[in-house]
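Step one of this worksheet: look at the structure below.
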Amino acid sequence: MAAQNLQSVPAERTAGTSETADAEGQAHFDRIIAEDSRIEPRDWMPAAYRKTLLRQVSQHAHSEIIGMQPEANWISRAPSLKRKAILMAKVQDEAGHGLYLYSAAETLGQSRDKMMDDLIAGKARYSSIFNYPARTWADMGAIGWLVDGAAICNQVPLCRASYGPYGRAMVRVCKEESFHQRQGFEILLELSNGTPEQKQMAQDAVNRWYAPALMMFGPPDDDSPNSKQSMAWNIKRFSNDELRSRFVGMMVEQVRVLGLTLPDDQVRFNEDTRKWEHGPLDWHEFQEVLAGRGPCNAQRLERRRAAHDDGAWVREAAAAYAAKQSAKQQKEYAA
Ligand SMILES: [Fe+2]
Ligand SMILES: [Fe+2]
């Protein structure tokens, strides 16, 4: 919640005004990174560090908000009142994650309006996984288990990210992602122990979400030129391939308990490297989806735009109320 209380700080205020100030700021920044301590919004930071973080945190926020859609589609079709309540709580959590992260991004000097405009104009990226359709109820299980599972793997190390507001937002997000993963696992477990058709439906959902979930960690290390710098700045702690390998190891254990299989006969533990390996992934498909040519890209943006338009009256009412409150306060101070 800490990130929500932080005020937006314009970039100009933290930028150095002279070469000496820049050199001092850089030295202070380098010391904080070397001590593995935290950079706060009012600290001097290199322009490239600010830009990298702004891109990462805003993309993360957009992913949470767009990620509500595939599951929200199933709230009215959940098979019981209990399932409906759990799914609704999960989707609301994702909205909350978006809010913490937009607040964290605002501390880097970007307004929320600008971030939202970029998203609905199709200029901003979000996680490619949310451009795949959720076809059956079992997809609610596979998304929770695999997608939220991959998110946890990715985000637990981000709790130690060098930028304070981002790291603090991640702590709360990760607690909620654990609940999401467990609810997904439990949906799959129940289906797996149900009728043969239900078990098949669970297996089919795992088959469709497995590869996109593995690609959530980003391109292979050799094709990820920015990762090295992010690691040097203590934003990222582990490489894409390292995190992907850990995730595969986690899933191998859990899929046995589910009584299902991973759709990948090349999964194995390499005794020499001490790492989990997996079969090839379709990186061409990944790039296509990122470029806006996935199965649901257009639909996701269209719905986001419509929700933004439908919510205009709420934003106007909130702004009018805030103006009224501030006028009242000023009158009280003046009296
Ligand atoms: Fe989330
Ligand atoms: Fe989640």
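Residue numbering for the sequence shown is 1211 to 1545, as defined by the working numbering.
Each residue gets a CB set at the ideal place from its N, CA and C atoms; glycine is no exception.
Small disclaimer: the values here were computed from a predicted structure and weren't measured.
Cutoff 7 Å; reference residue i; Cβ partners in own chain excluding five residues on either side
| i | result |
| --- | --- |
| Trp1443 | Ile1243, Tyr1259, Ser1372 |
| Ala1553 | Outside the shown range of the chain, which is 1211 to 1545, sits residue 1553, and nothing can be said about it. |
| Gly1428 | Ser1434, Asn1450 |
| Met1278 | Val1301, Glu1304, Ala1305 |
| Gln1365 | Met1380, Val1383, Cys1384, Glu1387 |
| Ser1273 | Tyr1336, Ser1337, Phe1340 |
| Tyr1420 | Leu1356, Leu1472, Pro1473, Asp1474 |
| Asp1358 | Glu1387, His1390, Gln1391, Gly1394 |
| Arg1515 | Ile1330 |
Residue environment, residue i, which counts as buried when at least 16 other CB atoms sit within 10 Å
| i | result |
| --- | --- |
| Ala1295 | exposed |
| Ala1412 | buried |
| Glu1222 | Per-residue confidence for Glu1222 stands at a pLDDT of 44, beneath the threshold of 50, marking its modelled position as unreliable; the derived number appears in the next sentence. That one is exposed. |
| Ser1247 | exposed |
| Pro1251 | buried |
| Ala1348 | buried |
| Pro1375 | buried |
| Arg1418 | buried |
| Gln1540 | exposed |
| Leu1291 | exposed |
| Asp1474 | buried |
| Glu1316 | buried |
| Pro1280 | buried |
| Gln1320 | buried |
Helix, strand or coil at residue i according to DSSP, with G and I counted as helix
| i | result |
| --- | --- |
| Glu1487 | strand |
| Arg1456 | helix |
| Ile1242 | helix |
| Asn1417 | helix |
| Ile1296 | helix |
| Ile1285 | helix |
| Tyr1259 | helix |
| Phe1479 | strand |
| Ile1353 | helix |
| Tyr1342 | coil |
| Ile1445 | coil |
| Tyr1376 | helix |
| Pro1220 | Residue confidence is low: Pro1220 scores 44 on pLDDT, short of 50, so the model does not pin down where it sits. No coordinate-derived value is stated. |
| Thr1230 | helix |
Chain-order list of residues whose beta-carbon lies under 8 Å from that of residue i (same chain, five-residue window excluded)
| i | result |
| --- | --- |
| Asn1436 | Thr1262 |
| Phe1389 | Lys1300, Asp1303 |
| Ile1285 | Lys1294, Leu1297, Met1298, Val1301 |
| His1494 | none |
| Glu1553 | Outside the shown range of the chain, which is 1211 to 1545, sits residue 1553, and nothing can be said about it. |
is_contact[residue i, chain B] using C-beta, thresh 8 Å
| i | result |
| --- | --- |
| Pro1406 | Structure shown: chain B not included; a single protein chain is present. |
Residues near residue i in its chain [Cβ-Cβ closer than 6 Å; skip 5 each side]
| i | result |
| --- | --- |
| Leu1368 | Met1380 |
| Phe1457 | Ala1360, Cys1363 |
| Leu1275 | It should be noted that the sequence gives Ile, not Leu, for residue 1275. So the list reads Gly1308, once near-sequence residues are dropped. |
| Met1441 | none |
Tell me which residues pass a beta-carbon proximity test against ligand 2: closer than 5 Å to any heavy atom, given in chain order. Result (chain order): Asp1358, Glu1387, His1390.
Threshold first: 3 residues or longer. Then list the beta strand (DSSP E) segments lying entirely within the region 1361 to 1406, N to C. Along the region 1361 to 1406, the beta strand (DSSP E) does not occur as any fully enclosed run of 3 or more residues.
Which parts of the region 1493 to 1540 are runs of the alpha helix (DSSP H), unbroken and 4 residues or longer, counting only runs that do not cross its ends? Scanning the region 1493 to 1540 for uninterrupted alpha helix (DSSP H) segments of 4 residues or longer gives 1493 to 1498, 1507 to 1520, listed from N- to C-terminal end.
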